[in-house]
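A.B. asks: Next up is a structure, given as structure tokens.
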Amino acid sequence: MSAVEIFGIVKGFGTGEARVQVLHGIDLAVEPGQLTYLVGESGSGKTTLISIIAGILRPDAGRVLLFGTDVHALPDRDLALFRLATIGFIFQQYNLIPTLTAAENAAVPLVAAGVPRAEAIARAEAVLERLGLGAMARRLPRQLSGGQQQRVAIARALVHAPRLVVCDEPTAALDAASGRRVMELLREVALEPQRAVIIVTHDNRVFGLADRIIGMEDGRILHDGTTMPPEELLA
Ligand SMILES: Nc1ncnc2c1ncn2[C@@H]1O[C@H](COP(=O)(O)OP(=O)(O)O)[C@@H](O)[C@H]1O
Ligand SMILES: [Mg+2]
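This is how it looks when you write it as structure tokens:
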């Protein structure tokens, strides 16, 4: 079974004269055990597409199957539960809660799913350890570097062992060395056990890590392969 199958995804924003058509009918399948990069210039619809795949945003038309489940056919409450169990989403800006420690932040999806707090913290600490942050578990976000905060955000996305991991420009705010380390960690941790990982990135230093690279332009897929897309898609 494919991890992700999408058919005819259409999405626009606004009404009347101000209406902007952002996605023009996207079809795509992503298999488990693969690291896929989604690239394309700013405004091409990458964030909109992964938000629809991750069930954060509803499409105007089309279907999204995640491991066979038609997610946008689910009512909001069921979709929220399905998302919690199935997807880890890593945001560009980390979105850590400033008053919680690294371990407490990483434990959020488990606590939300009803796992007792002590067990949730212990599991979060184990993931932080694996990401090289064991010694930082009790620190607050402001006591961590940008690269460390991003790794806490990755720990939070992986802590509940989701079958699909989606990341929106996870290295955009990082220096080259931290960015590469974050990408290597995502490749390593996220692919074992087998799960699908989709990463939106502009970072051409890390293209060699992907199994597949999909290039978008103006709400359409214009490149799909194992190699870099043409330069003009990366402006
Ligand atoms: N909530 C929204 N309301 C109106 N326009 C939006 C909204 N979200 C995105 N857009 C527009 O959709 C287009 C694609 O945006 P986005 O998916 O964020 O592109 P990317 O992530 O590739 O930069 C842009 O023109 C953007 O301005
Ligand atoms: Mg974006």
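Residue numbers 61 to 295, in my numbering, belong to the letters of the sequence shown in order. Every residue, glycine too, gets a C-beta built ideally from N, C-alpha and C.
Ligand 1 heavy atoms versus the CB of residue 102: any closer than 7 Å?
C.D. replies: Taking the sequence shown and counting its residues from 1, the one referred to as residue 102 is at position 42. Within the cutoff, so yes.
A.B. asks: I need the boundaries of the beta strand (DSSP E) containing residue 81, first residue and last residue.
C.D. replies: In the sequence shown, the residue the question calls residue 81 occupies position 21. 80-90 is the span of the beta strand (DSSP E), which, as asked, contains residue 81.
A.B. asks: Under 7 Å from any heavy atom of ligand 1, does the C-beta of residue 267 make it?
C.D. replies: For this step, residue 267 is matched to residue 207 along the sequence shown. Checking the Cβ of residue 267 against ligand 1 gives no.
A.B. asks: Please indicate yes or no: does the CB of residue 106 lie closer than 7 Å to some heavy atom of ligand 2?
C.D. replies: The count along the sequence shown starts at 1 and reaches residue 106 at position 46. Under cutoff, so the answer is yes.
A.B. asks: With DSSP collapsed to three states, give me the class of residue 266.
C.D. replies: The residue labelled residue 266 in the question sits at position 206 within the sequence shown. The answer is coil: DSSP assigns residue 266 none of H, G, I, E or B.
A.B. asks: At a cut-off of 7 Å, is residue 74 close to ligand 1 when judged by its beta-carbon and the heavy atoms of the ligand?
C.D. replies: In the sequence shown, the residue the question calls residue 74 occupies position 14. For ligand 1, at least one heavy atom lies less than 7 Å from the Cβ of residue 74.
A.B. asks: Who are the near neighbours of residue 168 in its chain, counting only those whose CB is closer than 7 Å to its CB and skipping five residues on each side?
C.D. replies: Counting from 1 along the sequence shown, the entry for residue 168 is found at position 108. Closer than 7 Å at Cβ, skipping near neighbours: 216.
A.B. asks: When DSSP labels each residue in this structure, what does residue 64 get in the three-state scheme?
C.D. replies: Here residue 64 is taken as the residue at index 4 of the sequence shown, counted from 1. Residue state, collapsed to three classes: strand.
A.B. asks: What are the start and end residues of each continuous alpha helix (DSSP H) run of 4 or more residues lying completely inside the segment 227-273, in chain order?
C.D. replies: As far as the segment 227-273 is concerned, its whole alpha helix (DSSP H) runs of at least 4 residues are 236-250.
A.B. asks: Between the C-alpha atoms of residue 213 and residue 75, what's the straight-line distance to the nearest angstrom?
C.D. replies: Stepping through the sequence shown from its first residue, residue 213 is reached at position 153. Stepping through the sequence shown from its first residue, residue 75 is reached at position 15. Taking the straight line joining both Cα atoms gives about 35 Å.
A.B. asks: Can you tell me which of 243, 109, 127 puts its alpha carbon nearest to the alpha carbon of residue 95?
C.D. replies: Within the sequence shown, numbered from 1, the residue matching residue 95 stands at position 35. Nearest C-alpha to residue 95: 243.
A.B. asks: Going by DSSP, what residue range makes up the beta strand (DSSP E) through residue 150?
C.D. replies: Residue numbering aside, residue 150 sits at position 90 when the sequence shown is read from its first letter. 147-150 is the extent of the beta strand (DSSP E) around residue 150.
A.B. asks: Within a Cβ cutoff of 6 Å, which residues of the same chain sit near residue 197, ignoring the five residues on either side of it in sequence?
C.D. replies: Stepping through the sequence shown from its first residue, residue 197 is reached at position 137. Within the same chain, residue 197 has close Cβ partners 162, 163, 185, 188.
A.B. asks: Can you check which of these residues, 183, 108, 275, 126, is closest to residue 151 by C-alpha distance?
C.D. replies: In the sequence shown, residue 151 corresponds to position 91, counting from 1. Nearest C-alpha to residue 151: 108.
A.B. asks: Using 8 Å as the cut-off, can you tell me whether the segment 274-291 makes contact with the segment 95-106, which would need three or more C-beta pairs spanning the two stretches below that distance?
C.D. replies: Yes, they touch.
A.B. asks: When you compare only the Cα positions, how much space is there between residue 103 and residue 134?
C.D. replies: One-based indexing of the sequence shown puts residue 103 at position 43. One-based indexing of the sequence shown puts residue 134 at position 74. Distance between the alpha carbons of residue 103 and residue 134 is about 28 Å.
A.B. asks: So residue 121 is in the alpha helix (DSSP H); what residue range does that whole segment cover?
C.D. replies: Counting from 1 along the sequence shown, the entry for residue 121 is found at position 61. From DSSP, residue 121 is part of no alpha helix (DSSP H) but of the beta strand (DSSP E) over 121-126.
A.B. asks: Short of 7 Å in beta carbon distance, which residues of its chain neighbour residue 105, apart from the five on each side in sequence? Order them along the chain.
C.D. replies: To locate residue 105, count along the sequence shown from 1; it is residue 45. Contacts found: 82, 83, 276, 279.
A.B. asks: Using only the heavy atoms of ligand 2, determine whether one of them is closer than 7 Å to the beta carbon of residue 263.
C.D. replies: For the purposes of this step, residue 263 is identified with residue 203 of the sequence shown, where counting begins at 1. The answer is no for residue 263.
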